[in-house]
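Undergrad:
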Amino acid sequence: MSSEYVFTMYRADKYYGPDRQVLANISLSFLPGAKIGVLGPNGAGKSTLLRIMALKEEPSSGVAELAPNATVGLLEQEPELDPAKTVRENVEDGVRELRDLMDRFNEISAKFAEPDADFDTLLAEQAKVQDAIDRADAWQLDQHLDHAMDALRLPDGDRDVTTLSGGERRRVAL
């Protein structure tokens, strides 16, 4: 894959079963910052193409590659939310890795108070975790989430997601 492209697909085919070809010989590449649209009639393979681009599916043949350190987000047509969680908890699932980093930083900090703490090991791990948090600008994660929830006009964070309308569900999934 050319290092300038963030995503490349080359001669990709997708079959569901032996007789149902959804994509045939698709080749495309995207430069950083590209904005794309996918148009076509029902059943033409638009969602399948997007799922392959998001690395949620693989082509039956051909190549689909995402550049190292590149990320793809995909909002499914019918978003799946965890019915056991609130609106806020479902939103937090979208930043689970960042939340886990913050939790780990707090766990390490608490271990400094233990009488048999290995300060050198704790300091080394804390430095790694802190660096990851700094790179992701995650120190203000809760405020960022509050701002995003307000901007998307999401229902109250404590609300049960099973009571949401389709539009509200899609906004939570965003």
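Here the sequence shown is numbered in the numbering used here, starting from -8 and rising by one per residue.
Each residue gets a CB set at the ideal place from its N, CA and C atoms; glycine is no exception.
Please read these numbers as outputs of a predicted model, since none were measured by experiment.
1. Please state whether DSSP places VAL152 in a helix, a strand or coil.
2. CB-CB under 6 Å to VAL54, same chain, minus the five flanking residues each way: which ones, in chain order?
3. Looking at the unbroken alpha helix (DSSP H) that takes in LEU143, where does it start and where does it end?
4. From the DSSP output, which residues share a beta bridge with VAL29?
5. Note down, in chain order, each residue of its chain lying with its Cβ closer than 7 Å to the Cβ of ASP101, except the 5 sequence neighbours on either side.
6. Tell me whether THR62 sits in a helix, a strand or coil according to DSSP, three-state version.
7. Give the DSSP bridge partners of LYS180, in chain order.
8. Apply the 10 Å Cβ neighbour rule to PRO50 and answer buried if 16 or more other Cβ atoms are within range, or exposed otherwise.
9. Can you tell which of ALA25, ASP4 and LEU22 has its C-alpha closest to the C-alpha of ASN16?
10. Note the first and the last residue of the continuous alpha helix (DSSP H) segment covering GLY53.
11. What are the residues that DSSP puts in a beta bridge with PHE21?
12. Provide the residue span of the alpha helix (DSSP H) that contains THR39, from first to last.
13. Pull up the distance between the alpha-carbon of ALA139 and that of GLU83, whole angstroms please.
14. Once you ignore the five residues that flank VAL89 on each side, which residues in its own chain have a CB closer than 6 Å to its CB?
TA: Looking at the coordinates:
1. DSSP places VAL152 in helix when its eight states are reduced to three.
2. Cβ within range, chain order: TYR1.
3. For LEU143, no alpha helix (DSSP H) run applies, since DSSP gives it neither H nor E.
4. Answer by DSSP bridge pairing: none, since VAL29 is not bridged.
5. One point to set straight first is that residue 101 is Ala, not Asp, in the sequence displayed. Cβ neighbours of ALA101 within its own chain (closer than 7 Å, five residues either side excluded): none.
6. THR62: coil per DSSP, three-state reduction.
7. Any question about residue 180 goes unanswered here, given that the chain covers just -8 to 165.
8. Result: buried.
9. Among ALA25, ASP4 and LEU22, the Cα nearest to that of ASN16 is on ASP4.
10. GLY53 -> not in any alpha helix (DSSP H); beta strand (DSSP E) instead, spanning 52 to 57.
11. According to DSSP, which records beta bridges pairwise, PHE21 is partnered with PHE(-2).
12. Counted as a single uninterrupted DSSP element, the alpha helix (DSSP H) harbouring THR39 occupies residues 37 to 44.
13. If you take the alpha carbons of ALA139 and GLU83, they lie about 11 Å apart.
14. The sequence shown places Leu at residue 89, not Val. Taken in chain order, the residues that qualify are ALA127, ALA129 and LEU132.
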